[in-house]
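Novice: In terms of numbering that gives the first Met the number 0, the sequence shown opens at residue 0 and continues consecutively.
Got a structure here, written out as structure tokens. Questions coming.
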Amino acid sequence: MKIIHIGILGYGVVGTGVANLLKQKKQLLESRTGAVLNLKTIADIDITTDRGIDLGTTNLVSDANLIINDPSIDIIVETIGGETIARKFILDSLENKKHVVTANKALLAGFGNDLVKAARKNMVDLAFEASCGGCMPIIKALRESLVANDIKSMAAILNGTCNYILTKISRDGSDFEDALKAAQALGYAEAEPSLDIDGFDTAHKLAILNSLAHGMEINLKDIHVEGIRNITAVDIEFARSFGYIIKLLAIGKTHEDHVEARVHPTMISSSNPLSHVDGSMNAIAIDADATGQTMLYGHGAGMMPTASAVLSDIVDIARNIISGAKTRVPILGYPEDNIKPIPILPMEELYTKYFLRFEAQDHPGVLAKISGILGDNNISIKSVHQKGRKSNGKVPVVMITHIAREAWVQKALKQISKTDSVVGDPILIRIEETDQE
Ligand code: HSE
């Protein structure tokens, strides 16, 4: 049987999971691949901590170059994370004609186009199934399974930390900080929690998925990103009373000459299947022209779910090596010459429905003033709800709009904030409805 030699850079949670799965599933992988997947070397700066794995003949070294420059190694798995040393190691590996597997979504979102170019130049594969949605096979779905489809839209929950926090606030009425602490205690959050809660991790994943869905270069910088810091139990409760659930969604939509790509807290109907994705789970709903709606649901993070996705890439590459097929599937799903610079719609040009909440003074004429300003800016109100007066004399006023242009809404909110009718900044949450709603 052919032996495929593998090296792992980084022996942290994901690296340990990959090593574990390669050892545990040796027989299954051999029988499915028709080759021996030999974990030859692991490199990490910490080579003393016991990870609980019997490494057998696998070398554990502290110098990554012993893997990158080892002529016998076919596939290098990067599980270091971050955008500096990991980027250098991946580029060096590609230059040395190694196939690379990575879960590093931040690196791919920021520098993926360069990595893809380097892989193409060296005629090797760059695989990243674990970068988006953990074990959900979304990369393969977009790149291979749905090739005969125009992808009309994608809506996804891609950050377990945010989904856990929103679920916790919704269920227990916890405040944001307590819910974040609980997510951190469970090990969901990134080392820097801002990556999760301010929406950047989700945006990294959307940048990758958008590229695969539409045949465009990876474009992170034009994605509109908002996180969940301002979401409170009050808004979740209001949402519920209108039949909506609040989720941090990654939304990608195709239009004739541009795409939408945005990450923000979103109200979706409680009949939308994504509204039932709770806790740290991830899900993606894809609306494509031949298939209609398709949905994937699964663990978006965690040692073994992520390792499972990494192993699927390793086996894909091993199968290519065995069959002599080089770079059979284009890395971004389209051959390089067919990748187009498709612009992302600027946020101010978006048309959608809005949930607006104001802390209004309880004076006669206040409601008329707020709705007057909305009307002057072309914004049509679908419904208005006012809750009982608070002890401080303020009343929460909630309005749901019909479809309006983002620029009009932002302008109106600025004007309303300047009046003495409201205190504090208004809350804006976009509403996403499917064609059926
Ligand atoms: N911190 C991420 C999450 C891990 O919470 O989903 C996977 O990218």
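In this text, a Cβ means the ideal position worked out from N, Cα and C, and glycines have one as well.
Every value quoted in this text rests on a predicted model; they were computed, and no experiment measured them.
1. Quick check on residue 299: buried or exposed, where buried means 16 or more other Cβ atoms within 10 Å of its Cβ?
2. May I have the straight-line CA-CA distance separating residue 133 from residue 297, to the nearest angstrom?
3. Considering only residues of the stretch 295-379, which uninterrupted beta strand (DSSP E) runs meet the minimum length of 3 residues and lie entirely inside it, listed in chain order?
4. Using C-beta distances below 7 Å, list every residue in its chain close to residue 172, excluding the 5 sequence neighbours before and after it, in chain order.
5. Since residue 215 and residue 338 are thought to touch, with beta carbons under 8 Å apart, how far apart are those beta carbons, to the nearest angstrom?
6. Looking at C-alpha atoms only, which residue of 97, 40, 125 and 398 is the closest neighbour of residue 63?
7. For residue 268, write down the residues that DSSP places opposite it in a beta bridge.
8. When DSSP labels each residue in this structure, what does residue 111 get in the three-state scheme?
9. Please classify residue 177: does DSSP put it in a helix, a strand, or coil?
10. Return helix, strand or coil for residue 392, following the three-state DSSP convention.
11. With respect to 7 Å, is the separation between the Cβ of residue 243 and the closest non-hydrogen atom of the ligand HSE below this value?
12. Check whether the stretch 134-141 and the stretch 229-246 touch, using three or more Cβ-Cβ pairs below 8 Å as the test.
13. By alpha-carbon positions, which one of 362, 309 and 383 ends up nearest to residue 392?
14. From this set, 167, 226 and 209, which residue's C-alpha is nearest residue 217's C-alpha?
15. Can you say whether residue 252 is buried or exposed, counting buried as having 16 or more other CB atoms within 10 angstroms of its CB?
16. Only counting the same chain, and skipping five residues up and downstream in sequence, which positions put a Cβ closer than 7 Å to that of residue 165?
17. Can residue 238 and residue 280 be called in contact, C-beta distance under 8 Å?
18. Within the chosen definition, does the stretch 286-297 reach the stretch 88-96 through at least 3 CB pairs nearer than 8 Å?
19. Measuring alpha carbon to alpha carbon, tell me which residue in 372, 376 and 396 is nearest residue 382.
20. Is it the case that the Cβ atoms of residue 408 and residue 350 are separated by a distance below 8 Å?
21. Look at the alpha carbon of residue 52 and the alpha carbon of residue 38, and state the distance between them as a whole number of angstroms.
22. Quick one: what's got a C-beta closer than 6 Å to residue 403's C-beta in the same chain, skipping five residues either side?
23. So, is residue 100 buried or exposed, given that buried needs 16 or more other C-beta atoms within 10 angstroms?
24. The alpha helix (DSSP H) spanning residue 160 covers which residue range?
25. Is residue 160 near the ligand HSE, going by C-beta to nearest heavy atom under 7 Å?
26. Using 8 Å as the cut-off, can you tell me whether the stretch 71-91 makes contact with the stretch 313-327, which would need three or more C-beta pairs spanning the two stretches below that distance?
27. Quick check: what's the CA-CA separation for residue 107 versus residue 259?
Specialist: Answer, in terms of the structure:
1. Within the sequence shown, residue 299 is the residue found at index 300, counting from 1. So residue 299 ends up on the buried side.
2. The sequence position of residue 133 within the sequence shown is 134, counting from 1. The sequence position of residue 297 within the sequence shown is 298, counting from 1. For residue 133 and residue 297, the distance between alpha carbons rounds to 8 Å.
3. 350-360
4. For the purposes of this step, residue 172 is identified with residue 173 of the sequence shown, where counting begins at 1. For residue 172, where only same-chain residues beyond five positions count, the Cβ hits under 7 Å are 232.
5. Start at 1 with the first residue of the sequence shown, and residue 215 comes out as number 216. Start at 1 with the first residue of the sequence shown, and residue 338 comes out as number 339. That belief holds up - the Cβ atoms of residue 215 and residue 338 are roughly 6 Å apart, short of 8 Å.
6. Start at 1 with the first residue of the sequence shown, and residue 63 comes out as number 64. Of 97, 40, 125 and 398, the residue nearest in Cα terms is 40.
7. As a position in the sequence shown, residue 268 is number 269, starting the count at 1. DSSP output for residue 268 lists 243 as bridge partner(s).
8. As a first step, residue 111 must be located in the sequence shown, where it is residue number 112. The answer is helix: DSSP assigns residue 111 an H, G or I state.
9. For the purposes of this step, residue 177 is identified with residue 178 of the sequence shown, where counting begins at 1. Here residue 177 sits in helix by DSSP.
10. Here residue 392 corresponds to residue number 393 of the sequence shown, with the count starting at 1. Here residue 392 sits in coil by DSSP.
11. Locating residue 243 in the sequence shown gives position 244, where the first residue counts as 1. Result no, Cβ not under 7 Å from the ligand HSE.
12. no
13. Against the sequence shown, residue 392 aligns to sequence position 393. Checked all of 362, 309 and 383; the closest Cα to residue 392 is 362.
14. Here residue 217 refers to the residue found at position 218 when the sequence shown is read from its first residue. Residue 209 is the option with its Cα nearest to residue 217.
15. Taking the sequence shown and counting its residues from 1, the one referred to as residue 252 is at position 253. Buried is the call here.
16. As a first step, residue 165 must be located in the sequence shown, where it is residue number 166. Excluding sequence neighbours, residue 165 sits near 227, 230, 245, 246 and 247.
17. Reading the sequence shown from its first residue, position 239 is the one you call residue 238. Reading the sequence shown from its first residue, position 281 is the one you call residue 280. Cβ distance not < 8 Å, so residue 238 and residue 280 don't count as in contact.
18. no
19. Residue numbering aside, residue 382 sits at position 383 when the sequence shown is read from its first letter. With distances taken between Cα atoms, residue 382 lies closest to 396.
20. Along the sequence shown, read from residue 1 onward, the residue named residue 408 stands at position 409. Along the sequence shown, read from residue 1 onward, the residue named residue 350 stands at position 351. Cβ atoms of residue 408 and residue 350: not closer than 8 Å.
21. Position 53 of the sequence shown, counted from the start, is the residue given in the question as residue 52. Position 39 of the sequence shown, counted from the start, is the residue given in the question as residue 38. When rounded, the distance between both Cα atoms is 12 Å.
22. The residue labelled residue 403 in the question sits at position 404 within the sequence shown. Closer than 6 Å at Cβ, skipping near neighbours: 378.
23. Numbered from its first residue, the sequence shown carries residue 100 at position 101. Classification for residue 100: buried.
24. Position 161 of the sequence shown, counting from 1, holds the residue named residue 160. Looking at the DSSP string, the run of the alpha helix (DSSP H) that includes residue 160 is 159-171.
25. Residue numbering aside, residue 160 sits at position 161 when the sequence shown is read from its first letter. Yes - the ligand HSE has a heavy atom lying nearer than 7 Å to the Cβ of residue 160.
26. yes
27. Counting from one through the sequence shown, the residue named residue 107 turns up at place 108. Counting from one through the sequence shown, the residue named residue 259 turns up at place 260. Between residue 107 and residue 259, the C-alpha separation is close to 20 Å.
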